[in-house]
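Scroll down for the structure; my scribbles are underneath it.
There are 2 protein chains.
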Amino acid sequence: MESFDTSERLSCSVEITLKVIGGRWKVLILRELFIGIKRFGELHRALHGITQKMLTQQLRELEQDGIINRHVYLQVPPKVEYSLTELGETLKPILDAMHEWGLMYLDKR
Amino acid sequence: MESFDTSERLSCSVEITLKVIGGRWKVLILRELFIGIKRFGELHRALHGITQKMLTQQLRELEQDGIINRHVYLQVPPKVEYSLTELGETLKPILDAMHEWGLMYLDKR
DNA sequence: TTCCATAGTAACTTTTTGGGTACTATCTTA
DNA sequence: TAAGATAGTACCCAAAAAGTTACTATGGAA
Numbered sequence: 140m141e142s143f144d145t146s147e148r149l150s151c152s153v154e155i156t157l158k159v160i161g162g163r164w165k166v167l168i169l170r171e172l173f174i175g176i177k178r179f180g181e182l183h184r185a186l187h188g189i190t191q192k193m194l195t196q197q198l199r200e201l202e203q204d205g206i207i208n209r210h211v212y213l214q215v216p217p218k219v220e221y222s223l224t225e226l227g228e229t230l231k232p233i234l235d236a237m238h239e240w241g242l243m244y245l246d247k248r
Numbered sequence: 140m141e142s143f144d145t146s147e148r149l150s151c152s153v154e155i156t157l158k159v160i161g162g163r164w165k166v167l168i169l170r171e172l173f174i175g176i177k178r179f180g181e182l183h184r185a186l187h188g189i190t191q192k193m194l195t196q197q198l199r200e201l202e203q204d205g206i207i208n209r210h211v212y213l214q215v216p217p218k219v220e221y222s223l224t225e226l227g228e229t230l231k232p233i234l235d236a237m238h239e240w241g242l243m244y245l246d247k248r
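Residue numbers (the numbering used here), protein chains in the order written: chain H, 140 to 248; chain P, 140 to 248.
The following block contains the structure:
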């Protein structure tokens, strides 16, 4: 039983993951993108209550963290598609586990 | 391949998990408690930089969420021990997965 | 009789995060 | 020639999270 070790460095790696998926909207955005490629407007409509500013901001952060791709079509009106990178796909087991745990937690309380 | 479903409710369960383990100090506190039972002062010394107020606050939240136990010994000077509950122990796979992912992420960038 | 140790609390300030409103560019369609 | 659609940006404000400093109680040891 190693894993989730005691050293400072290792503990920080949990925090890194938390930083990448944390925040008000990121897991919701990721959920949409796990379904498939989405345009900006589709995401905007899917995430009830998010403002354009917040959506843009969260998408930029996910892009900078290498979790999603941003594909701009040079046309008017603009068309921008977002999708998961390979790295982004690797978050699935974690999000699944968190999903399961959340359900179990709700059930127990 | 179900899991990490698309419905609003299910997505929220990921957010619930995030709420329980999120924040500046909780995963660090949990790491210490996965090692074993710890007194308040031990946690305070182990978590470099945390203030007493923040430690108390985070411990109270974890306790209210059913993740940790607080055992008060009626003696002076006071002695209070913190430990994981059964529910708290079930977070291990998630924290392990986040730990692994964080390491992999650091490696790839 | 004063000091020390432990596990806190109270009141306040700073930092971070999130949100609201208004505005932009450009091609197409009516 | 004016309106509509898309994917944003700029600027400002509110709320939440985190941090700082000072303070408390109590029994035992020096």
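Ideal placement from N, C-alpha and C gives every residue a C-beta, glycine not left out.
9 Å Cβ cut-off: residues of chain P touching residue i
i: methionine 193 of chain H; result: Residues of chain P passing the Cβ test: none, with the nearest at roughly 15 Å.
i: glycine 175 of chain H; result: Residues of chain P passing the Cβ test: none, with the nearest at roughly 10 Å.
i: leucine 230 of chain H; result: Trp240
Contact under 8 Å by Cβ, residue i with residue j
i: glutamine 191 of chain H; j: tryptophan 164 of chain H; result: no
i: threonine 229 of chain P; j: glycine 205 of chain P; result: no
i: glutamate 171 of chain P; j: leucine 182 of chain P; result: yes
i: glutamate 154 of chain H; j: valine 166 of chain P; result: yes
i: tyrosine 221 of chain P; j: isoleucine 176 of chain P; result: yes
i: lysine 231 of chain P; j: phenylalanine 173 of chain P; result: yes
i: alanine 236 of chain P; j: alanine 185 of chain H; result: no
i: histidine 187 of chain H; j: serine 152 of chain P; result: no
i: isoleucine 80 of chain H; j: glycine 227 of chain H; result: Any question about residue 80 of chain H goes unanswered here, given that chain H covers just 140 to 248.
i: leucine 169 of chain H; j: leucine 234 of chain H; result: yes
i: glutamate 202 of chain H; j: arginine 209 of chain H; result: yes
Beta bridge counterpart(s) of residue i as assigned by DSSP
i: tyrosine 221 of chain P; result: P/Lys177, P/Arg209
Under 8 Å by beta carbon: chain H residues contacting residue i
i: glycine 241 of chain P; result: Cys151, Ser152, Val153, Glu154, Ile155, Thr156
i: leucine 245 of chain P; result: Ser152, Ile155
i: glycine 180 of chain P; result: Correct list: empty, because the minimum Cβ distance to chain H is about 18 Å.
Residues that residue i contacts on chain H, provided the C-beta gap is smaller than 7 Å
i: leucine 172 of chain P; result: Those within 7 Å of leucine 172 of chain P in chain H number zero; the least Cβ separation is about 11 Å.
i: glycine 188 of chain P; result: The contacting residues do not exist; glycine 188 of chain P stays about 11 Å from chain H at best.
Amino acids of chain P, ordered along the chain, whose beta-carbon sits closer than 8 Å to that of residue i
i: isoleucine 233 of chain H; result: Ile233, Ala236, Met237, Trp240
i: arginine 248 of chain H; result: Gly205
Chain P residues whose Cβ lies nearer than 7 Å to that of residue i
i: glycine 161 of chain H; result: Leu157, Gly161
Check your understanding: Mind listing which residues of the stretch 207–228 of chain P have their C-beta closer than 7 Å to chain H's C-betas, in chain order?
Key -> Going along the stretch 207–228 of chain P in chain order, one finds Leu226 with a Cβ nearer than 7 Å to chain H.
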